[in-house]
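To keep things clear, I will list the structure first and then write my remarks on it.
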Amino acid sequence: MMLTAKEREATFLSDLTALLAKHYAVLEVTDDGESYGMQCGMCEITMGSEWDDDDNQVSEFTCFRLPNYMDGTDG
C-alpha cells in the first residue's frame, strides 16, 4: 500500500513528537541572531534538567543546535 504525502507527514510528526516527549525536549526553529533577518535558519533542541523523587539531579540541562543536514544515516 502506498502512503500519501499527508500520511507520511503525519507519521513523521507523530514520531518526532514521541522522540521529543521521550527526552522532555523542545525543538525551536530560530535564526542565526544576525540583525539583518533570518540568514541561516537554526534548529535548537532544549532539554531541561531532570530530578528524581529524592531531589537528586539525574540529567543536566542542555541546549544544542542540530546539524545543518541530517538524512537518517550515520555518515
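The UniProt record's numbering applies: residue 1 is where the sequence shown begins, and numbers increase by one.
We treat Cβ as the ideally placed atom computed from N, Cα and C, and that holds for glycine.
A Cβ-Cβ contact shorter than 8 Å links M47 with A25. As a beta-bridge residue in DSSP terms, S59 pairs with E50. Its chain contains E44 as the residues whose beta carbon lies nearer than 6 Å to that of E28, once the 5 sequence neighbours on both sides are disregarded; these appear in chain order. Counting along the chain, the unbroken beta strand (DSSP E) around L27 starts and ends at A25 to T30. Taking the Cα positions, K6 is about 11 Å away from L13.
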